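Sequence lines, in order, name chains A and B. With the first letter of the first sequence counted as 1, position 95 gets the number 95 in our numbering; the numbers rise by one all the way through. For our numbering, add 150 to where a residue sits in the second sequence, where the first one is 1.
There are 2 protein chains.
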Amino acid sequence: MTRWLDDEEQRTWRAFLAASQLVQEELDRQLQRDSGMPHAYYAMLVKLSEAPDRMMRMSELATELNSSQSRLSHAMKRLEERGWARREPCAADRRVSWAILTDEGFAALTAAAPGHVEAVRQALFDRLTPTQLRRLREICTALLPTSNPS
Amino acid sequence: MTRWLDDEEQRTWRAFLAASQLVQEELDRQLQRDSGMPHAYYAMLVKLSEAPDRMMRMSELATELNSSQSRLSHAMKRLEERGWARREPCAADRRVSWAILTDEGFAALTAAAPGHVEAVRQALFDRLTPTQLRRLREICTALLPTSNPS
DNA sequence: CTCGCTTTGTTGAGAGTTCAAGTAAGCTGG
DNA sequence: CCAGCTTACTTGAACTCTCAACAAAGCGAG
Chain A
1 MTRWLDDEEQ RTWRAFLAAS QLVQEELDRQ LQRDSGMPHA YYAMLVKLSE APDRMMRMSE
61 LATELNSSQS RLSHAMKRLE ERGWARREPC AADRRVSWAI LTDEGFAALT AAAPGHVEAV
121 RQALFDRLTP TQLRRLREIC TALLPTSNPS
Chain B
151 MTRWLDDEEQ RTWRAFLAAS QLVQEELDRQ LQRDSGMPHA YYAMLVKLSE APDRMMRMSE
211 LATELNSSQS RLSHAMKRLE ERGWARREPC AADRRVSWAI LTDEGFAALT AAAPGHVEAV
271 RQALFDRLTP TQLRRLREIC TALLPTSNPS
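If you want it as structure tokens, here you go:
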């Protein structure tokens with residue numbers, strides 16, 4: 001009944017798992033070491049910095065980050081404690097919280113970005129050819145749900 | 151100074167990040183839900199099941215799983231509590247612990263495997279063409295350190 | 001042989017994630 | 001209008017992971 005993986009598929013699967021774990025761990029370690037934040041927090045700062053007025057609704061932020069609301073809520077509490085973000089109630093819909101990037105948060109992002117980009121290059125871009133990168137993007141896009149409406 | 155990512159690279163990077171996170175989270179959730187174990191534990195059971203006599207030295211297991219020794223030690227404690235593995239001291243080198251898969255652990259692996267494989271197919275293999283899979287394997291292999299001796 | 005370095009593994013504290021439960025506000029059909 | 005469903009978000013507990021510190025055993029040069 002079960003469609004087991006053959007040898008070829010096993011190797012593909014294990015290579016994918018090892019590679020994606022390796023890249024994520026390298027990035028997380030670099031950010032934690034050099035900027036004192038996990039990659040999840042960095043991603044929050046990036047998203048907020050790109051939003052109009054550097055503010056987003058919590059649920060919208062969660063959706064864009066593919067994060068659970070719970071995770072985001074816990075994380076935002078930490079960002080607030082560090083002074084990197086703050087929350088404000090929304091007058092129009094009182095269930096909503098606005099997540100707002102502070103100047104300190106933007107500064108932390110600015111400080112962290114160069115090291116992070118360098119780590120991304122070392123972990124990914126410097127190891128692949130332009131052709132491989134183009135193919136990788138196609139493949140990853142195919143894996144994402146929006147590109148794959150069943 | 152910083153080699154920033156251009157638009158193309160940004161999209162590649164974010165697609166890779168989103169795709170690899172998605173796949174890992176889907177698998178972790180499926181295993182946790184259907185078999186009550188995180189993927190890291192499943193991987194330990196798999197490695198042990200493939201080893202001669204279903205036993206490995208802790209450090210060897212850590213290396214093969216790309217895991218820290220600390221993580222493995224904590225995880226092994228949990229597996230022991232569940233009766234899925236046990237540890238035995240090594241007479242030849244008394245620093246070494248053997249990690250041994252129990253029959254209960256092997257049974258747990260056997261029970262979990264079909265659902266896990268199905269999840270892997272849904273998350274990865276069913277979404278890509280054979281050509282894409284071949285390319286993905288090449289790319290992931292290029293990202294791994296052993297294939298990239300600087 | 002022994003001092004110092006390396007290897008192997010464990011432990012505890014701190015931090016992040018998950019899951020389930022809970023609160024509060026908006027929405028909707030009768 | 002109001003009972004019940006849905007949406008937005010928070011909270012606490014349990015669990016996993018990381019990091020640093022530690023202990024103990026092997027190893028190796030002097």
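Ideal Cβ placement from N, Cα and C applies to all residues, glycine included. Bear in mind that the values here come from a model prediction, so they are computed numbers and not experimental data.
Task: Span separating the alpha-carbon of residue 198 (chain B) from that of residue 229 (chain B) - done: Position 48 of the second sequence holds residue 198 (chain B). Position 79 of the second sequence holds residue 229 (chain B). Each residue's alpha carbon lies about 12 Å from the other.
TODO: Please go through the same chain and pick out, in chain order, the residues whose beta-carbon is closer than 6 Å to the beta-carbon of residue 204 (chain B), but skip the five residues on each side of it.
DONE: Taking the first residue of the second sequence as position 1, residue 204 (chain B) is located at position 54. Answer for residue 204 (chain B): 198, 251, listed in chain order.
Task: Spatial distance of residue 267 (chain B) from residue 3 (chain A) (CA atoms) - done: Along the second sequence, read from residue 1 onward, the residue named residue 267 (chain B) stands at position 117. Along the first sequence, read from residue 1 onward, the residue named residue 3 (chain A) stands at position 3. Whole-angstrom Cα-Cα distance: 7 Å.
- [ ] With residue 263 (chain B) as the anchor, note down where its alpha helix (DSSP H) starts and where it stops.
- [x] One-based indexing of the second sequence puts residue 263 (chain B) at position 113. Taken as a continuous stretch (DSSP letters only), the alpha helix (DSSP H) holding residue 263 (chain B) covers 253-273.
Task: Straight-line Cα distance separating residue 276 (chain B) from residue 287 (chain B) - done: Along the second sequence, read from residue 1 onward, the residue named residue 287 (chain B) stands at position 137. Along the second sequence, read from residue 1 onward, the residue named residue 276 (chain B) stands at position 126. Rounded to whole angstroms, residue 287 (chain B) to residue 276 (chain B) spans 15 Å at the Cα level.
Open item on the list: Tell me the DSSP secondary structure of residue 55 (chain A) in three-state form.
Closed with: In the first sequence, the residue the question calls residue 55 (chain A) occupies position 55. DSSP places residue 55 (chain A) in strand when its eight states are reduced to three.
Task: When B:191, B:169, B:292, B:187 are compared against residue 132 (chain A), the one with the closest alpha-carbon - done: Locating residue 132 (chain A) in the first sequence gives position 132, counting from the first residue. With respect to the C-alpha of residue 132 (chain A), the residue from B:191, B:169, B:292, B:187 having the closest C-alpha is B:292.
Open item on the list: I'd like to know whether the C-beta of residue 170 (chain B) is nearer than 7 Å to at least one C-beta of chain A.
Closed with: As a first step, residue 170 (chain B) is located in the second sequence; it is residue number 20 there, counting from the start. Yes, its Cβ sits closer than 7 Å to a Cβ of chain A.
- [ ] Could you spell out the range, first to last residue, of the alpha helix (DSSP H) harbouring residue 168 (chain B)?
- [x] The residue given as residue 168 (chain B) occupies position 18 in the second sequence. Counting along the chain, the alpha helix (DSSP H) containing residue 168 (chain B) begins and ends at 157-185.
TODO: Tell me whether residue 217 (chain B) sits in a helix, a strand or coil according to DSSP, three-state version.
DONE: Counting from 1 along the second sequence, the entry for residue 217 (chain B) is found at position 67. In the structure shown, residue 217 (chain B) sits in coil (DSSP, three-state: anything other than H, G, I, E or B).
Open item on the list: For a test of the three-state rule: what should DSSP assign to residue 145 (chain A), helix, strand or coil?
Closed with: Numbered from 1 along the first sequence, position 145 holds the residue referred to as residue 145 (chain A). DSSP places residue 145 (chain A) within a helical segment (H, G or I) once states are collapsed to three.
Task: Among A:146, A:34, A:44, nearest to residue 119 (chain A) - alpha-carbon criterion - done: In the first sequence, the residue the question calls residue 119 (chain A) occupies position 119. Among A:146, A:34, A:44, the Cα nearest to that of residue 119 (chain A) is on A:34.
Open item on the list: For a test of the three-state rule: what should DSSP assign to residue 95 (chain A), helix, strand or coil?
Closed with: As a first step, residue 95 (chain A) is located in the first sequence; it is residue number 95 there, counting from the start. Residue state, collapsed to three classes: coil.
Open item on the list: Check whether chain B comes within 7 Å of residue 142 (chain A), counting only Cβ atoms and requiring the distance to be less than that.
Closed with: Walking along the first sequence from the start, residue 142 (chain A) turns up at place 142. Yes, contact with chain B.
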